[in-house]
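**Student:** First, the structure itself, so that you have it in front of you.
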Amino acid sequence: MDPQVYKNIELVQFMSEVTGYKERGWRFVNLCGSSVGDQVELLCSFALDNQLENLSMLVSNGEQVPAISPLYPSAFFFENETRDLFGVQFEGTIIDFAGRFYPTSVPTPMNPTSVEAEAWGKGEEVPRG
Amino acid sequence: MGFPLTGMTLKNMVSKPVTKRYPFEPQVYTELTRGHIHNDMEKCILCGICEKTCPAVALAVNKEAGTWTIDRYSCVQCMACVRNCPPRSQSLSMKPEYAPAVVSMSAETFTKPTEAN
Amino acid sequence: MADRTVIPFGPQHPVLPEPVHLDLVIEDEKVIEAIPQVGFIHRGLEKLVEKRDYKSFVYITERICGICAFGHSLGYSETIEALMAVEVPPRALFLRVIWHELSRIHSHLLWMGCLADGFGYENLFMQCWRLRERVLDIFERTTGGRVIFSAVNVGGVNHDISNEDLRGIVTILEDMKDEYQVLLKTFLLDKSVLSRLKGVGVLTKEKAVEYGVVGPFVRASGIPDDIRNFGYGGYGYLEDFEPVVSDDCDGHARCMVRAREVLQSIDIIKEMVSKIPDGEIMTKVKGSPADGSKAVSRLEQPRGESFYYAKGNGTKFLERFRIRTPTSINIPGMVFALQGCDLADVPLNILTIDPCISCTER
Numbered sequence: 001m002d003p004q005v006y007k008n009i010e011l012v013q014f015m016s017e018v019t020g021y022k023e024r025g026w027r028f029v030n031l032c033g034s035s036v037g038d039q040v041e042l043l044c045s046f047a048l049d050n051q052l053e054n055l056s057m058l059v060s061n062g063e064q065v066p067a068i069s070p071l072y073p074s075a076f077f078f079e080n081e082t083r084d085l086f087g088v089q090f091e092g093t094i095i096d097f098a099g100r101f102y103p104t105s106v107p108t109p110m111n112p113t114s115v116e117a118e119a120w121g122k123g124e125e126v127p128r129g
Numbered sequence: 130m131g132f133p134l135t136g137m138t139l140k141n142m143v144s145k146p147v148t149k150r151y152p153f154e155p156q157v158y159t160e161l162t163r164g165h166i167h168n169d170m171e172k173c174i175l176c177g178i179c180e181k182t183c184p185a186v187a188l189a190v191n192k193e194a195g196t197w198t199i200d201r202y203s204c205v206q207c208m209a210c211v212r213n214c215p216p217r218s219q220s221l222s223m224k225p226e227y228a229p230a231v232v233s234m235s236a237e238t239f240t241k242p243t244e245a246n
Numbered sequence: 247m248a249d250r251t252v253i254p255f256g257p258q259h260p261v262l263p264e265p266v267h268l269d270l271v272i273e274d275e276k277v278i279e280a281i282p283q284v285g286f287i288h289r290g291l292e293k294l295v296e297k298r299d300y301k302s303f304v305y306i307t308e309r310i311c312g313i314c315a316f317g318h319s320l321g322y323s324e325t326i327e328a329l330m331a332v333e334v335p336p337r338a339l340f341l342r343v344i345w346h347e348l349s350r351i352h353s354h355l356l357w358m359g360c361l362a363d364g365f366g367y368e369n370l371f372m373q374c375w376r377l378r379e380r381v382l383d384i385f386e387r388t389t390g391g392r393v394i395f396s397a398v399n400v401g402g403v404n405h406d407i408s409n410e411d412l413r414g415i416v417t418i419l420e421d422m423k424d425e426y427q428v429l430l431k432t433f434l435l436d437k438s439v440l441s442r443l444k445g446v447g448v449l450t451k452e453k454a455v456e457y458g459v460v461g462p463f464v465r466a467s468g469i470p471d472d473i474r475n476f477g478y479g480g481y482g483y484l485e486d487f488e489p490v491v492s493d494d495c496d497g498h499a500r501c502m503v504r505a506r507e508v509l510q511s512i513d514i515i516k517e518m519v520s521k522i523p524d525g526e527i528m529t530k531v532k533g534s535p536a537d538g539s540k541a542v543s544r545l546e547q548p549r550g551e552s553f554y555y556a557k558g559n560g561t562k563f564l565e566r567f568r569i570r571t572p573t574s575i576n577i578p579g580m581v582f583a584l585q586g587c588d589l590a591d592v593p594l595n596i597l598t599i600d601p602c603i604s605c606t607e608r
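Protein chains in written order, with the numbering used here: chain L, 1 to 129; chain D, 130 to 246; chain W, 247 to 608.
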């Protein structure tokens with residue numbers, strides 16, 4: 001079983017933590033969102049051999065998150081994905097699809113404040129745009 | 130370097146085909162093959178656990194009417210319902226043969242025989 | 247400077263069974279830049295976890311992708327077991343490894359067939375798929391499904407394989423090994439394979455580290471990165487494990503790594519069958535994941551490391567389940583490996599990475 005290491009950080013510390021991992025030679029594993037109340041919790045994981053560490057931070061709606069793809073190029077995929085599904089805005093993504101990465105019928109379907117999320121929670125028919 | 134596959138290729142030219150002439154030679158199923166769900170309505174107690182566990186929402190149980198409905202187009206043959214069928218009933222089972230072909234999309238409904246009949 | 251042209255590649259292309267679209271910026275015959283576009287089959291299965299019982303969701307995870315089916319259900323179960331601190335009986339761990347290695351054999355043989363088809367070696371393609379059929383028959387006999395097994399659930403495995411059947415599997419694999427040696431020799435030494443794959447799609451060791459690629463892709467660039475090496479799950483019972491590595495960094499090296507991994511998997515299965523203990527195969531799991539509990543786990547799938555993350559909310563539905571599949575991190579690496587290659591090599595370049603787009607989009 002993998003080690004369960006979670007570091008709760010503030011958004012302002014994010015870039016310095018990521019730079020630290022890059023300097024120590026860790027590789028980027030994953031970036032994903034999940035909802036906590038009205039906010040989105042970002043989880044960013046790095047690995048080196050059998051060590052695995054996860055950074056988690058809370059992002060409010062409309063907050064800008066610094067992109068890590070200039071440091072870890074493969075992160076562009078996940079930044080575009082998180083933007084399309086959760087509505088988290090990244091600043092400085094290397095290949096920015098500007099919200100056209102996943103064509104979804106409603107914008108940001110997994111954001112906790114979106115229309116779809118509310119309708120889904122109540123078990124209603126989801127409005128189609 | 131060279132062509133190491135030549136031997137196998139030449140052997141293939143004189144050996145029998147590997148494929149089966151399907152409709153003429155019947156397919157042999159194993160005991161475990163997941164073909165279609167069968168419900169023994171005599172034993173079914175209409176508890177509704179299968180409906181709750183179905184990941185594909187293919188089942189509907191109506192206790193008042195005594196019916197058990199399966200939408201074979203939604204069913205993914207995962208066997209979740211068979212595994213969760215309560216031991217006191219054990220009415221659901223998986224049959225190795227596939228369900229017969231139909232010409233229109235429809236759900237199959239089975240009715241529990243009443244004791245009066 | 248020569249004129250630049252943009253050539254759209256995919257989502258339907260004879261060499262790609264999967265829908266990925268690339269915009270290739272071409273100068274003369276050289277690719278300057280490739281911009282990937284996915285999202286043709288995004289199904290939102292990660293969202294569905296909020297509406298399905300966590301014990302039923304395992305059947306949905308294995309339907310994410312046909313080839314990686316067993317890996318996904320195994321990864322999901324391991325994550326939920328970490329979330330709820332469930333102890334899995336050792337026999338179940340052994341059976342999981344046996345099925346997972348069998349699915350690695352079937353996935354690699356499928357890929358080798360597709361690759362042979364990609365460079366026009368129809369004969370080799372058919373021979374690979376003929377051998378793969380035997381593995382599928384083993385699956386049908388032991389789990390009831392040829393591609394989707396429904397064999398794993400949270401807490402253990404659903405089916406047992408009798409010790410007699412396990413020895414039967416080893417015999418089948420031993421028979422296969424002789425015929426497989428011919429195919430292996432073809433992939434490693436055949437003139438037409440070599441002239442098509444040598445020096446195609448080079449990704450150097452430094453670049454592989456920079457892009458963080460995983461699986462046979464990174465092992466072909468000389469980095470022995472393999473999750474099985476850390477002994478998670480049943481792999482801890484293995485005597486020793488040495489990842490297959492090649493230093494050539496090109497398409498042929500990737501082909502060689504996968505081809506050798508098939509033999510390695512057969513050896514792992516043999517070792518597992520000789521050591522398998524008797525006993526229970528399923529631990530009864532009661533209750534639901536606690537509110538706010540989190541778990542991550544990693545797994546070496548045929549295509550590379552995949553990452554799973556689950557978050558509970560105190561009910562029988564999970565708050566969030568995330569799968570980071572090997573291809574989603576290999577696609578950026580692939581895009582960068584394409585820069586500077588010939589237009590005619592693009593399809594083979596993409597094939598040697600073994601993209602699985604259904605997994606990537608979920």
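Just so you know, even glycine gets a beta-carbon here, dropped at the ideal spot from N, CA and C.
The structure displayed is predicted, hence computed values, not measured ones.
Per DSSP, what kind of secondary structure is R387/W in: helix, strand or coil?
**Tutor:** Mapped onto the third sequence, residue 387/W falls at position 141. In this structure, R387/W counts as helix in the three-state DSSP scheme.
**Student:** Using a Cβ-Cβ cut-off of 6 Å (strictly less than) and excluding sequence neighbours within five positions of P257/W, which residues of its own chain qualify?
**Tutor:** For the purposes of this step, residue 257/W is taken as the residue at position 11 of the third sequence. Correct list, in chain order: P265, H267 and F286.
**Student:** 9 Å is my cut-off, CB to CB: does H346/W come that close to chain L?
**Tutor:** As a first step, residue 346/W must be located in the third sequence, where it is residue number 100. Not an interface residue.
**Student:** For a test of the three-state rule: what should DSSP assign to L48/L, helix, strand or coil?
**Tutor:** The residue given as residue 48/L occupies position 48 in the first sequence. In this structure, L48/L counts as strand in the three-state DSSP scheme.
**Student:** What does DSSP give as the partner residues of R568/W in its beta bridges?
**Tutor:** Sequence index remark: in the third sequence, residue 568/W carries index 322 (1-based). Y555/W, per the DSSP bridge assignment.
**Student:** Going by DSSP, which residues form a beta bridge with F255/W?
**Tutor:** Within the third sequence, the letter at position 9 stands for residue 255/W. Answer is L268/W.
**Student:** Which whole runs of the alpha helix (DSSP H) in the segment 485-564 of chain W are 4 residues long or more, in chain order?
**Tutor:** Listed in chain order, the complete alpha helix (DSSP H) runs (minimum 4 residues) inside the segment 485-564 of chain W are 497-521.
**Student:** So with CB distances below 8 Å, who are the chain L contacts of A541/W?
**Tutor:** Position 295 of the third sequence holds residue 541/W. In chain order: Q4.
**Student:** Got a sec, what are the start and stop residues for the alpha helix (DSSP H) K293/W sits in?
**Tutor:** Your numbering for residue 293/W matches position 47 in the third sequence. Per DSSP, K293/W belongs to the alpha helix (DSSP H) from L291 to L294.
**Student:** What residue from D96/L, P112/L, L55/L and F76/L has the CA that sits closest to G62/L's CA?
**Tutor:** The residue you call residue 62/L lines up with position 62 of the first sequence. Checked all of D96/L, P112/L, L55/L and F76/L; the closest Cα to G62/L is P112/L.
**Student:** Answer yes if the segment 320-334 of chain W comes into contact with the segment 515-523 of chain W, meaning at least three C-beta pairs across the two stretches below 8 Å, and no otherwise.
**Tutor:** no
**Student:** Which residue comes first and which comes last in the beta strand (DSSP E) that contains I166/D?
**Tutor:** Position 37 of the second sequence, counted from the first residue, corresponds to residue 166/D. For I166/D, the enclosing beta strand (DSSP E) starts and ends at H165 to N168.
**Student:** Taking the Cβ atom as the reference point for each residue, do K562/W and D299/W lie within a distance shorter than 9 Å?
**Tutor:** Sequence index remark: in the third sequence, residue 562/W carries index 316 (1-based). Sequence index remark: in the third sequence, residue 299/W carries index 53 (1-based). Going by C-beta atoms, K562/W is nearer than 9 Å to D299/W.
**Student:** Output, in sequence order along the chain, the residues in the segment 271-305 of chain W whose CB is closer than 7 Å to any CB in chain D.
**Tutor:** R298, D299, S302, F303 and Y305
**Student:** State the CB to CB distance for the pair Y457/W and G579/W, rounded to an integer number of angstroms; the pair is presumed to be in contact (CB under 8 Å).
**Tutor:** As a working mapping, residue 457/W is identified with position 211 in the third sequence. As a working mapping, residue 579/W is identified with position 333 in the third sequence. Approximately 4 Å separates the beta-carbon atoms of Y457/W and G579/W; this is inside 8 Å, confirming the contact.
**Student:** If G447/W and C314/W are in contact, beta carbons under 8 Å, what's the gap, nearest whole angstrom?
**Tutor:** Taking the third sequence and counting its residues from 1, the one referred to as residue 447/W is at position 201. Taking the third sequence and counting its residues from 1, the one referred to as residue 314/W is at position 68. That pair is no contact at about 22 Å.
**Student:** Should G458/W be flagged as near chain L, meaning a C-beta pair shorter than 9 Å?
**Tutor:** Numbered from its first residue, the third sequence carries residue 458/W at position 212. Yes - at least one Cβ of chain L is within 9 Å of the one on G458/W.
**Student:** Can you tell me the Cα-Cα spacing of L597/W and N576/W, whole angstroms?
**Tutor:** Start at 1 with the first residue of the third sequence, and residue 597/W comes out as number 351. Start at 1 with the first residue of the third sequence, and residue 576/W comes out as number 330. For L597/W and N576/W, the gap between their C-alpha atoms comes out near 12 Å.
**Student:** Shorter than 9 Å from the beta carbon of F28/L to some beta carbon of chain W?
**Tutor:** Here residue 28/L refers to the residue found at position 28 when the first sequence is read from its first residue. F28/L counts as touching chain W.
**Student:** Tell whether a beta-carbon distance below 9 Å holds between G525/W and G538/W.
**Tutor:** Taking the first residue of the third sequence as 1, we reach residue 525/W at position 279. Taking the first residue of the third sequence as 1, we reach residue 538/W at position 292. Not closer than 9 Å, so no.
**Student:** Locate the beta strand (DSSP E) running through G630/W, then write down its first and last residues.
**Tutor:** As displayed, chain W neither begins before 247 nor continues past 608, which places residue 630/W out of reach and without an answer.
**Student:** What residues in its chain sit with their C-beta under 6 Å from that of T93/L, if we drop five residues either side in the sequence?
**Tutor:** Indexing the first sequence from 1 puts residue 93/L at position 93. Hits under 6 Å: A67, S69, F76 and E79.
**Student:** Could you name the residues of chain L that K557/W contacts, counting a contact when the two beta carbons are closer than 8 Å?
**Tutor:** Here the question's residue 557/W lines up with position 311 in the third sequence. Neighbours of K557/W in chain L, taken as residues whose beta carbon is under 8 Å from its own, are S34 in chain order.
**Student:** Spell out whether any CB of chain L is found under 9 Å from the CB atom of F553/W.
**Tutor:** Counting from one through the third sequence, the residue named residue 553/W turns up at place 307. So yes, F553/W belongs to the interface.
**Student:** So, helix, strand or coil for G129/L, using DSSP?
**Tutor:** Here residue 129/L refers to the residue found at position 129 when the first sequence is read from its first residue. Here G129/L scores only 39 on pLDDT, less than 50, and its place in the model should not be relied on; the value that follows carries that caveat. It is coil, neither helix nor strand.
**Student:** To the nearest angstrom, report how far apart L294/W and T325/W are at their CA atoms.
**Tutor:** Locating residue 294/W in the third sequence gives position 48, where the first residue counts as 1. Locating residue 325/W in the third sequence gives position 79, where the first residue counts as 1. Straight across, the Cα-Cα distance linking L294/W with T325/W is about 17 Å.
**Student:** Could you name each continuous beta strand (DSSP E) segment of 3 residues or more that falls completely within the segment 174-245 of chain D, going from the start of the chain to the end?
**Tutor:** 188-191, 196-199, 221-224 and 237-240
**Student:** Compare the C-beta of R387/W against all C-beta atoms of chain D and say whether one is closer than 9 Å.
**Tutor:** The count along the third sequence starts at 1 and reaches residue 387/W at position 141. Yes, because at least one Cβ of chain D sits closer than 9 Å to the Cβ of R387/W.
**Student:** Between the segment 200-221 of chain D and chain W, which residues of the former have CB atoms less than 9 Å from a CB of the latter, in chain order?
**Tutor:** Those would be V205, Q206, C207, M208, A209, R212 and N213, in chain order.
**Student:** Excluding five sequence neighbours on each side, which residues of the same chain lie with their C-beta closer than 6 Å to the C-beta of V40/L?
**Tutor:** Here residue 40/L corresponds to residue number 40 of the first sequence, with the count starting at 1. Contacts found: G33, V59, F86 and V88.
**Student:** Quick one: Cα of V12/L to Cα of E91/L, how far?
**Tutor:** Taking the first sequence and counting its residues from 1, one reaches residue 12/L at position 12. Taking the first sequence and counting its residues from 1, one reaches residue 91/L at position 91. Approximately 13 Å, taken between the alpha carbons.
**Student:** Looking only at its chain, what residues have a beta carbon closer than 8 Å to the beta carbon of V65/L, apart from the 5 residues adjacent to it on each side?
**Tutor:** As a position in the first sequence, residue 65/L is number 65, starting the count at 1. The residues are L11, F14, L42, V59, V88, Q89, F90 and E91.
**Student:** Return helix, strand or coil for L31/L, following the three-state DSSP convention.
**Tutor:** The count along the first sequence starts at 1 and reaches residue 31/L at position 31. Strand, per DSSP.
**Student:** Whose C-beta lies closer than 7 Å to the C-beta of M422/W among residues of the same chain, with five residues either side of it excluded?
**Tutor:** Taking the first residue of the third sequence as position 1, residue 422/W is located at position 176. Closer than 7 Å at the Cβ level, and outside the excluded window around M422/W, lie L377 and R380.
**Student:** Alpha carbon to alpha carbon, how far is R350/W from V592/W? Give it in angstroms, no decimals.
**Tutor:** By one-based count along the third sequence, residue 592/W stands at place 346. By one-based count along the third sequence, residue 350/W stands at place 104. Rounded to whole angstroms, V592/W to R350/W spans 26 Å at the Cα level.
**Student:** Does the beta carbon of R163/D come closer than 9 Å to any beta carbon on chain W?
**Tutor:** Start at 1 with the first residue of the second sequence, and residue 163/D comes out as number 34. True, the Cβ-Cβ gap to chain W drops below 9 Å.
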